[in-house]
Amino acid sequence: MIVNKTMFPVQTGFRAISQMSSRLDTLQVQLASGQKATTLAEMGDSRGTSLALRARLTALDGYATSIETVNLRLSVLDTSIKQLNTLSSNTRNAMVPGAYGTGDVNLTAAPGQAKARLDEVLSLLNTDVNGRYLFSGSASDAKTVPQVDALLYGSGTKQGFAEIAQQRLAADTGVAGQGRLSVSTTGTEVTLAEEATVFGIKISGATASNASISTPAASGDPQSQSIAFGGQPFPGDTVTFALQMPDGSSHTLKLTAVSGPAGAGEFSIGGNASATAANFGSALETALQQTTKTVMASASRFAAADNFFNGAGDPVMRVAAPPGGNWAEATGLVAATDANTVLWYRGGDENPPRQGVTARIDDNTRVAYGVQANERGIVDLVRSLAVVATDTFSSSDPTAKARFDATGSRQIERLSESRNSQPGSLAVIAVDLGLARTTTAATAARQSDYRGQLENLLADIEQIEPEAVAMEILALRTRLEASYATTSAISQLSLVNYIR
2 MIVNKTMFPV QTGFRAISQM SSRLDTLQVQ LASGQKATTL AEMGDSRGTS LALRARLTAL
62 DGYATSIETV NLRLSVLDTS IKQLNTLSSN TRNAMVPGAY GTGDVNLTAA PGQAKARLDE
122 VLSLLNTDVN GRYLFSGSAS DAKTVPQVDA LLYGSGTKQG FAEIAQQRLA ADTGVAGQGR
182 LSVSTTGTEV TLAEEATVFG IKISGATASN ASISTPAASG DPQSQSIAFG GQPFPGDTVT
242 FALQMPDGSS HTLKLTAVSG PAGAGEFSIG GNASATAANF GSALETALQQ TTKTVMASAS
302 RFAAADNFFN GAGDPVMRVA APPGGNWAEA TGLVAATDAN TVLWYRGGDE NPPRQGVTAR
362 IDDNTRVAYG VQANERGIVD LVRSLAVVAT DTFSSSDPTA KARFDATGSR QIERLSESRN
422 SQPGSLAVIA VDLGLARTTT AATAARQSDY RGQLENLLAD IEQIEPEAVA MEILALRTRL
482 EASYATTSAI SQLSLVNYIR
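Residues in the sequence shown are numbered from 2 upward in steps of one, following my numbering.
#1: For Asp120, tell me which candidate among Tyr134, Ala140, Leu153 has the shortest Cα-Cα distance.
#2: Just to confirm before moving on: does the CB-CB distance between Gly178 and Gln290 stay below 8 Å?
#3: Looking at the structure shown, is Leu256 part of a helix, part of a strand, or coil, going by DSSP?
#4: Would you check if the distance between the CB atom of Pro98 and the CB atom of Asp406 is smaller than 8 Å?
#5: State the beta-bridge partners of Lys159 as determined by DSSP.
#6: Take Ala403 and list the residues in its own chain whose beta-carbon comes closer than 6 Å to its own, dropping the five residues that flank it on each side.
#7: Could you check whether Tyr64 and Ile430 sit closer than 8 Å to each other, using their CB atoms as the reference points?
#8: Ordered along the chain, which non-local residues of its own chain (more than five positions away) have a Cβ less than 6 Å from that of Glu351?
#9: Here's a check: name, in chain order, each residue in its chain whose Cβ is nearer than 8 Å to the Cβ of Val199, leaving out the five neighbours to either side.
#10: Under 8 Å, do Ser205 and Ala243 count as touching if we go by C-beta distance?
#11: Give a yes or no on contact between the region 265-282 and the region 217-237, applying the rule of three or more CB pairs nearer than 8 Å.
#12: On the criterion of 16 or more Cβ atoms from any shown chain inside 10 Å, does Met8 qualify as buried, or is it exposed?
#13: Whole-angstrom Cβ separation of Thr342 and Val317, contact assumed at under 8 Å?
#14: Kindly indicate which three-state DSSP category Glu69 falls into: helix, strand or coil?
#15: Verify whether the separation of the beta carbon atoms of Leu527 and Thr292 is less than 8 Å.
#16: So the alpha helix (DSSP H) Ala401 belongs to, where does it begin and stop?
#17: Suppose only complete runs of 3+ residues qualify. What are the beta strand (DSSP E) ranges in the region 247-297, listed by chain order?
#18: According to DSSP, Gln226 sits in a beta bridge with which residue or residues?
#19: Going by DSSP in three states, Gln167 sits in which element: helix, strand or coil?
#20: State the Cα-Cα distance for the pair Val191 and Thr257, rounded to the nearest angstrom.
#21: With the cut-off set at 8 Å, would you say Ala387 and Phe162 are in Cβ contact?
#22: Would you give the residue range spanned by the alpha helix (DSSP H) that Arg420 belongs to?
#23: Provide the residue span of the alpha helix (DSSP H) that contains Ile379, from first to last.
#24: Based on Cα-Cα distance, which residue from Gln226, Ala110, Ala143, Gly409 lies nearest to Ala186?
#25: Would you identify the three-state DSSP class for Arg181, choosing helix, strand or coil?
#26: Buried or exposed: Leu73, going by 16 or more other Cβ atoms within 10 Å of its Cβ?
#27: If we count Cβ pairs, one from each stretch, closer than 8 Å, do we get three or more for the region 306-316 versus the region 377-392?
#28: What first and last residue would you give for the beta strand (DSSP E) that runs through Ser124?
#29: How is the beta strand (DSSP E) around Ile204 delimited, first residue to last?
#30: Could you name the residues of the same chain whose beta carbon sits closer than 8 Å to that of Ser422, not counting the 5 residues immediately before and after it, in chain order?
#31: Does the beta-carbon of Pro424, which I'm using as the reference point, lie nearer than 7 Å to any heavy atom of the ligand MN?
#32: Distance, Cα to Cα, Ala322 vs Arg420?
#33: Ignore the nearest five residues each way along the sequence and tell me which others in Arg16's own chain have a CB closer than 7 Å to its CB.
#34: Could you name the residues of the same chain whose beta carbon sits closer than 7 Å to that of Val368, not counting the 5 residues immediately before and after it, in chain order?
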């Protein structure tokens, strides 16, 4: 006779054991992997939150990569700008007026030193990081500037700065060698007149220390300035002309009356006003010729540099060839082309330059760090070095020292630290890049904190607590062993077994 075991639901017991066994397997996987689930389906209601947190962390990874790239470029730019600033300082101090050196060594050495510095400047401007030229602005795939020899002396049929500067010097000098100014004398009146051209020296006005010498305001187009001797001047009386050089700088030309033979910057008082006027006219021509060979020659080279090494937003200009082919007769400028001129800068031309290169480093943050070689602080350095590198200052040339002084004065003025506050100066560029680095550093720190918060939230959702899982495994194992023992014992119950 068999005892009916309907009082013990064996199937229910087996099902409970199966569930506990399955749970034990899950807990063992969790303990081994450290994760609560191996598939999205197992995550239940936490699935959406987990996906959102992971998407946000992926975005932060992208921003971190962007910040790393920007910081690398900013670091290279910072080093380059510092070196450019050092070169600017050295250039500013290289040609001090009157400092010709022992045996005039500074005169002869200046062009070679300038070319070497220019070569270094151009190398810095061609700095690239992983194929991106950092001084080309938005056109970062374009090599920024040519090599120094091509830039100065041309390449193939393309003319370089040296030849174009010589053409400009001839145009500014004029056929008479007086800076495109003419002097005429009629009776007691001397007239200084401009030519109808953009080249040469321009007249701003004149003054006299003696009231008997009339100096009415310059007038006409082109302008002319008359000097009328209403009476005889006294020794020491002066007539001063205010002139404008081709580069826009001002220059004063002064002639002093003397009773005897006239030297440089002087005119002889004649027997009457007409004779004095004639002497004054001759002295004025001589003074203009000397000024043209010295101060104006330097100014002409800087004017050519201003047109050749164009700044942001400006075209490259050069002297338009005159019909007869004599550059001294040229009357105007023409835009240079890539076919006839070595164009010095091939990068982008954004305004403002920083906006030429930007990077998104956060959802609502972009950092701008574009730099262009045609910004003022850089282009002024290039112009100054190119002017000196293509000139010569021979100790045997009587005009060399005056040209050296004129060039040195202009170089010092153009590279002066007083210009540091102007847009595009090396100092302003450095400050802008410093602000960009500050922005990336602050953003990176903020994102690091945010990442920690997100990872903690994600860990709460996806990761287990090993101690809790281990305790649950032990408890479940104890229950499972008890269930196995109980089920086994009950399954063996029968009257026969009981009677035995």
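All C-beta atoms, glycine included, are put in the ideal place defined by N, C-alpha and C.
In short, the structure shows the following:
#1: The shortest C-alpha separation from Asp120 is found at Leu153.
#2: Contact flag set, yes.
#3: Leu256 falls in the strand class under three-state DSSP.
#4: The Cβ atoms of Pro98 and Asp406 lie closer than 8 Å to each other.
#5: Residue pairing by DSSP places Lys159 opposite Ser156 in a beta bridge.
#6: Within the same chain, Cβ atoms closer than 6 Å to the Cβ of Ala403 are found at Thr295, the five residues on either side in sequence being excluded.
#7: Not in contact: Ile430 and Tyr64 (Cβ atoms no closer than 8 Å).
#8: Correct list, in chain order: Gly138, Ser139, Gly357.
#9: Result list for Val199: Thr332, Gly333, Leu334, in chain order.
#10: Annotated as proximal: Ser205 and Ala243, with beta-carbon spacing under 8 Å.
#11: They touch, by the three-pair rule.
#12: Unreliable placement is indicated for Met8, whose pLDDT of 49 sits below 50; no coordinate value is reported for it.
#13: Contact between Thr342 and Val317 holds: CB atoms are separated by about 6 Å, below the 8 Å threshold.
#14: Of the three classes helix, strand and coil, the one that applies to Glu69 here is helix, per DSSP.
#15: Only positions 2 to 501 of the chain appear in the structure, and residue 527 is not among them; the question remains open.
#16: Taken as a continuous stretch (DSSP letters only), the alpha helix (DSSP H) holding Ala401 covers 401-415.
#17: DSSP runs (the beta strand (DSSP E)) wholly in the region 247-297: 251-259, 267-269.
#18: Gln226 is bridged to Leu193.
#19: Helix at Gln167.
#20: Those two C-alpha atoms are separated by around 15 Å.
#21: Taking 8 Å as the Cβ cut-off, Ala387 and Phe162 qualify as a contacting pair.
#22: Under the DSSP assignment, Arg420 falls outside any alpha helix (DSSP H); it carries neither an H nor an E label.
#23: For Ile379, the enclosing alpha helix (DSSP H) starts and ends at 377-390.
#24: Here the sequence assigns Thr to residue 186, which means Ala is not the residue at that position. Minimum Cα distance to Thr186 is reached at Gln226.
#25: Correct three-state label for Arg181: coil.
#26: Of the other Cβ atoms in all chains shown, fewer than 16 fall within 10 Å of the Cβ of Leu73; this residue is therefore exposed.
#27: Verdict: yes, contact present.
#28: DSSP places Ser124 in no beta strand (DSSP E) but in the uninterrupted alpha helix (DSSP H) bounded by 106-126.
#29: Unbroken beta strand (DSSP E) run through Ile204: 203-209.
#30: Ala428, Val429.
#31: Absent from the structure shown: the ligand MN. Ligands present: none.
#32: Taking the straight line from one Cα to the other gives about 35 Å.
#33: Closer than 7 Å at Cβ, skipping near neighbours: no residue.
#34: Once the five neighbours on either side are set aside, the close Cβ partners of Val368 are Val71, Thr359, Ala360, Ile362, Ala437, Thr440, Thr441.
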